[in-house]
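Student:
In the numbering used here, the protein residues as written are 224 to 402.
Encoded structure:
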């Protein structure tokens, strides 16, 4: 499903918007995320989504520090997670973050966590808004993001977007590498 803000046929000047940009990371469930039950606790899943979101930012120049250097903060306004099957201790997974086109000044991400066979374990979404350093919400896309969107609309990232590790930007972020 993706999120409540994803509508088929989203328009870009009367045309369908560009395809979502994607980045996939690998993850592994740690014991401390589920304990003796060996099932990852539901409250740990936002961290998995964030791992993919951070890698996306690094791959596309839209990282939190890129925004900060431009005088912006991008807090999460909305989040949703649907659990299809549990992630268990020691299980490896792939987490894909997909940024969906929007004419608005916001980041609309959907996420998919799959096991090594490709079975979907979890899906989710986040909506992030742009604020300046005075915490005032921006109603127009800031320059950094507007420039990214212009390149995206022109097809600049067409060969970079991928939904699988072998097809596009991906990173291995061990769960223990949190900062």
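The C-beta atom is built at its ideal place from N, Cα and C for all residues, glycine as well.
1. Could you tell me which whole alpha helix (DSSP H) segments of length 4 or greater appear in the segment 255-338?
2. In the structure shown, what three-state DSSP assignment does residue 358 receive?
3. Starting from the Cα of residue 275, find the closest Cα among 371, 336, 379 and 358 and give me that residue.
4. The beta strand (DSSP E) that contains residue 249, what's its start and end?
5. Using only alpha-carbon positions, find the residue among 293, 256, 315 and 377 that is nearest to residue 366.
6. Would you kindly check if the distance between the Cβ of residue 299 and the Cβ of residue 351 is under 7 Å?
7. Please state whether DSSP places residue 348 in a helix, a strand or coil.
8. Does the segment 278-291 come within contact of the segment 300-311, defined as at least 3 CB pairs closer than 8 Å?
9. What's the gap between the Cα of residue 354 and the Cα of residue 348?
Tutor: Taking the geometry as given:
1. 268-283 and 287-292
2. Counting from 1 along the chain shown, the entry for residue 358 is found at position 135. In the structure shown, residue 358 sits in coil (DSSP, three-state: anything other than H, G, I, E or B).
3. Sequence index remark: in the chain shown, residue 275 carries index 52 (1-based). Checking every option, the nearest Cα to that of residue 275 belongs to 336.
4. The residue you call residue 249 lines up with position 26 of the chain shown. Element bounds for residue 249: 244-251.
5. As a first step, residue 366 is located in the chain shown; it is residue number 143 there, counting from the start. Per the Cα distances, 293.
6. By one-based count along the chain shown, residue 351 stands at place 128. By one-based count along the chain shown, residue 299 stands at place 76. Yes. Within cutoff.
7. Locating residue 348 in the chain shown gives position 125, where the first residue counts as 1. Reduced to three states, the DSSP call for residue 348 is strand.
8. no
9. What you label residue 354 is simply residue 131 of the chain shown in a count that begins at 1. What you label residue 348 is simply residue 125 of the chain shown in a count that begins at 1. Looking at the two C-alpha atoms, the distance is approximately 20 Å.
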